[in-house]
Amino acid sequence: AQSVTQLGSHVSVSEGALVLLRCNYSSSVPPYLFWYVQYPNQGLQLLLKYTSAATLVKGINGFEAEFKKSETSFHLTKPSAHMRDAAEYFCAVSDENDTGGFKTIFGAGTRLFVKA
Amino acid sequence: NAGVTQTPKFRVLKTGQSMTLLCAQDMNHEYMYWYRQDPGMGLRLIHYSVGEGTTAKGEVPDGYNVSRLKKQNFLLGLESAAPSQTSVYFCASSLEGTLTEAFFGQGTRLTVV
């Protein structure tokens, strides 16, 4: 079964600074990878997804992620943090289930704090 | 444009009580999921369904049952609630299981005392 590891349960950056949230996956086959964001008291929203079309994936709100097969990583970045980016971010991977379909497995999440 | 709707939003149960959480989606999605979210553990898949009339176990299925009698609804049942089931529960749906995004409900905060 696939798994996702997010390094750092909390990340704090200053407004305007680079945001880097780390995600590593375990997979022996090309994975389907996602980043979701959760704002307080809300459900999760999709930020971006990797579909094997391009290794650099651009998402909403200025976020992007780069798929690096050699490092089994899919780190999320944003050049300049904004106060509204403060939220919890989840990396996720699609894993094959017992009947040949797929289900989504989430990492533990990284809470991003943005300081003024 | 409702998307995914969960009811109720909050609930307090006594140990041993039963309850059902309802999830409804109006996007004609085939896949539906129930997750629980606990601090430091991310979202863990409880059960999921790949279509009407089907259900399958996820990572943490014990103590829960589900039913998908209609395509748009996915019910999560707790037969005998335990304090360990105190959590925030999220329902999600997706058109299919792989490349399509999952749409989430707002969550149900359940406390078992």
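Protein sequences, first through last, are from chains U and F. Be aware that the first sequence starts at 28, since it is given in our numbering, and climbs by one per residue. Be aware that the second sequence starts at -8, since it is given in our numbering, and climbs by one per residue. For each residue, glycine too, the CB sits at the ideal point set by N, CA and C.
Below 8 Å between beta carbons: does that hold for F/F65 and F/S85?
No, these two residues do not count as a Cβ contact at 8 Å.
*Could you give the distance in angstroms between the alpha-carbon of U/T137 and the alpha-carbon of F/K61?*
If you draw a straight line from the Cα of U/T137 to the Cα of F/K61, it is about 35 Å long.
If we ignore side chains and look at the alpha-carbon of each, how far apart do F/R35 and F/A93 end up? As the crow flies, the alpha-carbon of F/R35 is around 14 Å from that of F/A93.
Report buried or exposed for F/V3, applying the criterion of at least 16 other Cβ atoms within 10 angstroms of its Cβ.
It is exposed - the Cβ of F/V3 has fewer than 16 other Cβ atoms within 10 Å.
Return the CA-CA distance between F/T6 and U/Y116, expressed in angstroms with no decimal places.
F/T6 and U/Y116: Cα-Cα distance of roughly 32 Å.
Please report how far the alpha carbon of U/F90 lies from the alpha carbon of U/T32, in whole angstroms.
Between the C-alpha atoms of U/F90 and U/T32 there is a straight-line separation of about 19 Å.
Check your understanding: Can you tell me where the beta strand (DSSP E) with U/K105 in it begins and where it stops?
Key -> Going by DSSP, U/K105 is part of the beta strand (DSSP E) stretching over 100 to 105.
In three-state DSSP terms, what is F/Q16?
Strand.
Which value, in whole angstroms, describes the spacing of the CA atoms of F/A72 and U/F94? F/A72 and U/F94 have their alpha carbons spaced roughly 42 Å apart.
Checklist entry - For U/G136, which residues does DSSP report across the bridge? => result Paired residue(s): none; U/G136 is not in a bridge.
Notebook entry, point to check: Between which two residues does the beta strand (DSSP E) carrying U/K95 extend?
Noted result: 91 to 95 is the extent of the beta strand (DSSP E) around U/K95.
Which of the three DSSP states, helix, strand or coil, is assigned to U/N68? In the displayed model, U/N68 falls within coil according to three-state DSSP, outside both helix and strand.
Could you give the first and the last residue of the continuous beta strand (DSSP E) run that contains U/V40? Under the DSSP assignment, U/V40 falls in the beta strand (DSSP E) whose first and last residues are 37 to 41.
Checklist entry - Going along the chain, which residues of the segment 47 to 68 of chain U sit with their C-beta nearer than 9 Å to a C-beta in chain F? => result The segment 47 to 68 of chain U vs chain F, Cβ under 9 Å: Y59, F61, Y63, Q65, N68.
Secondary structure of F/Q76, DSSP reduced to three states: The answer is helix: DSSP assigns F/Q76 an H, G or I state.
Complete runs of the beta strand (DSSP E) confined to the segment 26 to 68 of chain F [at least 3 residues]:
The beta strand (DSSP E) runs lying completely inside the segment 26 to 68 of chain F and spanning 3 residues or more are 33 to 40, 56 to 58, given in chain order.
Should U/H37 be counted as a contact of the ligand SAM given a C-beta to heavy atom distance under 7 Å? For the ligand SAM, the structure offers nothing, since it holds no ligand at all.
Exercise. Should U/R111 go down as buried or exposed, given a rule of 16 or more other Cβ atoms within 10 Å for buried?
Worked result: Counting other Cβ atoms within 10 Å of its Cβ, U/R111 stays below 16 and is therefore classed as exposed.
For chain F, is any of its Cβ atoms less than 8 Å away from the one on U/G216?
Any property of residue 216 of chain U remains undetermined from this structure, which presents chain U solely from 28 to 143.
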